[in-house]
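Participant: Mind having a look at this structure? Questions to follow.
Residue numbers (the working numbering), protein chains in the order written: chain D, 716 to 981; chain Y, 716 to 981.
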């Protein structure tokens, strides 16, 4: 399907694009992403049948999975709703639906930012990482607006541009992209910045309540705290009107720590 | 509680140790880990009330959490079973139980290896990563034996040694340790090796079945494939009788890719 000329990749026919997300197959974010991808290639959708935010890289090992072909846009593309996590969706898409590797996997568009350490909690980004681990170029897209009615119109052309550049250039070995968009009108978006992940994390505060039977229960809440003053981070880019693109790796080895650990008395 | 002298840390009183896992609070692996940690410091246990293998870095955002004090070993240590994921356990332990940061967090001992890319799927390791992200030195321990009746006896002295070395030396900023043990008699364990994460992943093969109502469903199965011939990997260490220690980072930025991405037409 593809030919290589130097480092560039030319598609002889339309690329096969796997689309997934973590907000569920009916979310406006994935519907927007599907509409953009249909302009670029042949689209197959395998996405969760229910919201899966915050599922990280969870997989379903102790339960069964259901897969249902669905017809949402009433057009020719193949869409499947899966009862599992976003990572399950990528795995089952490769093994049971496409029965091969797609040319690219795009995940999102997430309702809410996945910048900084959110990349680790994010089902959207974990789906992209899973595709990358299977040798598929992969991108996760997120808009810094948690609303179900978020306006994806201003970012459509950038999603298309970044996807097309990825298809053209390929991605470095072992890398997927975490793309986050600020919540801005198109004319106020200043451009695209290649960034590093900001050192910013959640500080939790659980909300303790008592149920009608007298038993205590908790809701997870928290405050996102950015300790990172760098101007090369995704948080800085988003706060300053830029789209952030962070190359994300899944070899988690802290190579810089190996030497120090080798001095230990082990 | 601690004083710093150069790079060494001396505890003036017993260190406070948070213990968690992903196999559930009654699993023999965590019971072994608790017994070892009681020799080192003051122990608080917050662990899942049910098996949570493969939950990765999932958190519970769309549901409530329950927390129940339990008395398993009938001694003085505080133990809590949590209805959430391993990452939830770490978060709720800090905010609701300890109400401070423990001196160290240990997770496991997992029934089954978390070497290579398994680190990303592992609830055990995600709990350690979560503690690291909160600024707590953290270790995940896993034994390459999935059996509930796995024999943890041969590895007890090594678990103690690695924990004590971590308390003594501290960990480099942004790093937690992924410690995996081969399934061997103590006399056959050759030693401890600092390693990198092997490039080895799962190739999925879903097992398709039909339920009594005629509906298809799937079980996730797969084969673990190691493409990595390096002798500095965790897979090599385990296959050759060594305990593997991989320093794991949670800044996922692929810094080596930034330069290349900056040549794109974005």
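Backbone N, C-alpha and C define an ideal beta-carbon position, used for all residues, glycine too.
For clarity, every value in this text was computed on a predicted model and none was experimentally measured.
#1: Of all Cβ atoms in chain D, is any one closer than 7 Å to the Cβ of residue 916/Y?
#2: So, is the C-beta of residue 932/D closer than 7 Å to a C-beta in chain Y?
#3: Between which two residues does the alpha helix (DSSP H) harbouring residue 989/Y extend?
#4: Short of 8 Å Cβ to Cβ, which residues in the segment 954 to 966 of chain Y face chain D?
#5: 7 Å is my cut-off, CB to CB: does residue 943/Y come that close to chain D?
#6: Ignore the nearest five residues each way along the sequence and tell me which others in residue 943/Y's own chain have a CB closer than 7 Å to its CB.
#7: What does the Cβ neighbour count give for residue 847/D, buried or exposed, with the cut at 16 atoms within 10 Å?
#8: List, from N- to C-terminal side, the beta strand (DSSP E) runs of 3 residues or more that fit wholly inside the segment 878 to 938 of chain Y.
#9: Using a 10 Å radius around the Cβ and a threshold of 16 neighbouring Cβ atoms, would you call residue 903/Y buried or exposed?
#10: Using a Cβ-Cβ cut-off of 7 Å (strictly less than) and excluding sequence neighbours within five positions of residue 798/Y, which residues of its own chain qualify?
#11: Taking three-plus beta-carbon pairs below 8 Å as touching, is the segment 961 to 969 of chain D in contact with the segment 802 to 819 of chain Y?
#12: Whole angstroms are fine: how far does the CA of residue 898/Y sit from the CA of residue 869/Y?
#13: List, in chain order, every chain D residue whose beta-carbon is nearer than 7 Å to that of residue 848/Y.
#14: Establish whether the CB of residue 772/D and some CB of chain Y are separated by less than 7 Å.
#15: Closest Cβ-Cβ distance between residue 769/Y and chain D: below 7 Å?
#16: Comparing alpha-carbon positions, which option in 866/D, 957/D and 923/D lies nearest residue 935/D?
#17: Could you tell me if residue 929/Y is buried or exposed, where buried requires 16 or more neighbouring beta carbons within 10 angstroms of its beta carbon?
#18: Any idea which residues DSSP pairs residue 732/D with across the strands?
#19: May I ask which residues mark the beginning and end of the alpha helix (DSSP H) holding residue 801/Y?
#20: In this structure, what does DSSP give as the bridge partners for residue 766/Y?
#21: Buried or exposed for residue 996/D, going by 16 or more other Cβ atoms inside 10 Å?
#22: Please compile the residues from chain Y whose C-beta is within a distance smaller than 8 Å of the C-beta of residue 880/D.
#23: Run the CB neighbour count on residue 831/D, radius 10 Å, all protein chains shown included, and call it buried at 16 or more, exposed below.
#24: If you run the structure through DSSP and keep just helix, strand and coil, what is residue 743/D?
#25: In the DSSP assignment, find the unbroken alpha helix (DSSP H) run with residue 838/D in it and report its ends.
#26: Against chain Y, does residue 911/D count as a neighbour if the rule is that its beta carbon must be under 7 Å from one of theirs?
#27: Let me make sure I understand the geometry here. Which of 851/Y, 751/Y and 825/Y has the alpha-carbon closest to that of residue 859/Y?
#28: Span of the beta strand (DSSP E) holding residue 964/D?
#29: Could you tell me whether any Cβ in chain D is nearer than 7 Å to the Cβ of residue 884/Y?
#30: What is the rounded straight-line gap between the Cα of residue 890/D and the Cα of residue 970/Y?
#31: Relative to chain D, which residues along the segment 772 to 799 of chain Y have a C-beta separation below 7 Å, given in chain order?
#32: When you compare the segment 745 to 752 of chain D with the segment 766 to 778 of chain D, are there three or more beta-carbon pairs, one atom per stretch, that lie closer than 8 Å?
#33: For residue 908/D and residue 892/D, I'd like the C-alpha separation in whole angstroms.
#34: The alpha helix (DSSP H) with residue 811/D in it runs from where to where?
#35: Anything in chain D within Cβ reach of residue 865/Y, meaning under 7 Å, just list it in chain order.
#36: Taking the continuous beta strand (DSSP E) assigned at residue 796/Y, which residues delimit it?
Facilitator: In short, the structure shows the following:
#1: Here residue 916/Y corresponds to residue number 201 of the second chain, with the count starting at 1. Yes, its Cβ sits closer than 7 Å to a Cβ of chain D.
#2: Here residue 932/D refers to the residue found at position 217 of the first chain. Closer than 7 Å to some Cβ of chain Y, the Cβ of residue 932/D qualifies, so yes.
#3: Because residue 989/Y is not part of the residues shown, which for chain Y are 716 to 981, the question remains open.
#4: 960, 961, 962, 963, 964, 965 and 966
#5: Here residue 943/Y is taken as the residue at index 228 of the second chain, counted from 1. It does not; no Cβ of chain D falls within 7 Å.
#6: Residue numbering aside, residue 943/Y sits at position 228 when the second chain is read from its first letter. Cβ neighbours of residue 943/Y beyond the five flanking positions: 913, 914, 915 and 950.
#7: Walking along the first chain from the start, residue 847/D turns up at place 132. Buried is the call here.
#8: 890 to 896, 906 to 909, 915 to 919, 922 to 925 and 931 to 934
#9: The residue given as residue 903/Y occupies position 188 in the second chain. Exposed is the call here.
#10: Taking the first residue of the second chain as 1, we reach residue 798/Y at position 83. So the list reads 764, 780 and 781, once near-sequence residues are dropped.
#11: no
#12: As a position in the second chain, residue 869/Y is number 154, starting the count at 1. As a position in the second chain, residue 898/Y is number 183, starting the count at 1. Rounded to the nearest angstrom, the two C-alpha atoms are 9 Å apart.
#13: Position 133 of the second chain, counted from the first residue, corresponds to residue 848/Y. Here the neighbours are 832 and 916.
#14: As a working mapping, residue 772/D is identified with position 57 in the first chain. Yes, residue 772/D lies at the interface with chain Y (some Cβ there is under 7 Å from its Cβ).
#15: Locating residue 769/Y in the second chain gives position 54, where the first residue counts as 1. For residue 769/Y, the answer is yes, since a Cβ of chain D falls inside 7 Å of its Cβ.
#16: Taking the first chain and counting its residues from 1, one reaches residue 935/D at position 220. Of the candidates 866/D, 957/D and 923/D, the one whose C-alpha sits nearest the C-alpha of residue 935/D is 923/D.
#17: Taking the second chain and counting its residues from 1, the one referred to as residue 929/Y is at position 214. Classification for residue 929/Y: exposed.
#18: As a first step, residue 732/D is located in the first chain; it is residue number 17 there, counting from the start. Answer by DSSP bridge pairing, in chain order: 758/D and 819/D.
#19: Looking up residue 801/Y in the second chain gives position 86. Residues 801 to 807.
#20: By one-based count along the second chain, residue 766/Y stands at place 51. Paired residues: none, contrary to the question.
#21: The structure shown does not extend to residue 996/D, since chain D is modelled only from 716 to 981, so the question has no answer here.
#22: Here residue 880/D refers to the residue found at position 165 of the first chain. Simply 979, 980 and 981.
#23: As a position in the first chain, residue 831/D is number 116, starting the count at 1. Result: buried.
#24: As a first step, residue 743/D is located in the first chain; it is residue number 28 there, counting from the start. Residue 743/D falls in the helix class under three-state DSSP.
#25: Here residue 838/D is taken as the residue at index 123 of the first chain, counted from 1. It spans 838 to 848 - the alpha helix (DSSP H) in which residue 838/D sits, taken as one unbroken run.
#26: As a first step, residue 911/D must be located in the first chain, where it is residue number 196. Yes, because at least one Cβ of chain Y sits closer than 7 Å to the Cβ of residue 911/D.
#27: Locating residue 859/Y in the second chain gives position 144, counting from the first residue. The residue with the shortest Cα to Cα distance from residue 859/Y is 825/Y.
#28: Numbered from its first residue, the first chain carries residue 964/D at position 249. That run of the beta strand (DSSP E) goes 957 to 964.
#29: Numbered from its first residue, the second chain carries residue 884/Y at position 169. With 7 Å as the cut-off, residue 884/Y counts as an interface residue toward chain D.
#30: What you label residue 890/D is simply residue 175 of the first chain in a count that begins at 1. What you label residue 970/Y is simply residue 255 of the second chain in a count that begins at 1. Each residue's Cα considered, the two are about 10 Å apart.
#31: 772, 773, 774, 775, 776, 777, 779, 780, 781 and 782
#32: no
#33: For the purposes of this step, residue 908/D is taken as the residue at position 193 of the first chain. For the purposes of this step, residue 892/D is taken as the residue at position 177 of the first chain. Residue 908/D and residue 892/D: Cα-Cα distance of roughly 12 Å.
#34: Within the first chain, residue 811/D is the residue found at index 96, counting from 1. Here residue 811/D belongs to no alpha helix (DSSP H), and DSSP marks it neither H nor E.
#35: Position 150 of the second chain, counting from 1, holds the residue named residue 865/Y. Within 7 Å Cβ-Cβ: nothing; residue 865/Y doesn't reach chain D, min ~17 Å.
#36: Mapped onto the second chain, residue 796/Y falls at position 81. Run containing residue 796/Y: 793 to 797, per the beta strand (DSSP E) assignment.
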